[in-house]
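A.B. asks: Numbering (this note's numbering), first residue to last: 678 to 779.
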């Protein structure tokens, strides 16, 4: 059975995903586990704990089948038509007048 692991950001590293899923407790455990048996990411072998994963990626390691998911993002309506459209996790609380130039 595939277990969905929800992330907040756009990407997550393989090692972080394995910790978030409770498969390992530390980075050193990730390194040892991947050294013993590489994971499969979208069906391809992967031994790099730093491999970037995105929503929709499938990861298999041992008896664990994981699917990276996340809350859908919304595009701010006031910027949707322009090239500078901003992606906001919660469009209802986004302030159109906020300075986003940093």
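Every residue, glycine too, gets a C-beta built ideally from N, C-alpha and C.
Among the residues of its own chain, which have a CB less than 7 Å from the CB of residue 687, if the five just before and after it don't count?
C.D. replies: In the chain shown, residue 687 corresponds to position 10, counting from 1. Counting only Cβ-Cβ distances below 7 Å, and skipping sequence neighbours, we find 731.
A.B. asks: Classify residue 699: buried if its beta carbon has 16 or more other beta carbons within 10 angstroms, exposed otherwise.
C.D. replies: Numbered from 1 along the chain shown, position 22 holds the residue referred to as residue 699. Classification for residue 699: exposed.
A.B. asks: From which residue to which residue does the alpha helix (DSSP H) around residue 707 run?
C.D. replies: Numbered from 1 along the chain shown, position 30 holds the residue referred to as residue 707. Segment 704 to 713, the alpha helix (DSSP H) holding residue 707.
A.B. asks: Looking at the unbroken beta strand (DSSP E) that takes in residue 747, where does it start and where does it end?
C.D. replies: Stepping through the chain shown from its first residue, residue 747 is reached at position 70. Looking at the DSSP string, the run of the beta strand (DSSP E) that includes residue 747 is 741 to 747.
A.B. asks: Decide if residue 733 is buried, meaning its Cβ has at least 16 other Cβ atoms within 10 Å, or exposed.
C.D. replies: The sequence position of residue 733 within the chain shown is 56, counting from 1. Residue 733 comes out exposed.
A.B. asks: I'd like the span of the beta strand (DSSP E) that includes residue 687, first residue to last.
C.D. replies: If you number the chain shown from 1, residue 687 lands on position 10. No beta strand (DSSP E) holds residue 687; DSSP gives it neither H nor E.
A.B. asks: Residue 718 and residue 728: beta carbons closer than 9 Å?
C.D. replies: For this step, residue 718 is matched to residue 41 along the chain shown. For this step, residue 728 is matched to residue 51 along the chain shown. In this structure, residue 728 lies closer than 9 Å to residue 718 by Cβ.
A.B. asks: Given this structure, state the Cα-to-Cα distance separating residue 694 from residue 678, to the nearest angstrom.
C.D. replies: For this step, residue 694 is matched to residue 17 along the chain shown. For this step, residue 678 is matched to residue 1 along the chain shown. If I take the Cα positions, the gap works out to 17 Å.
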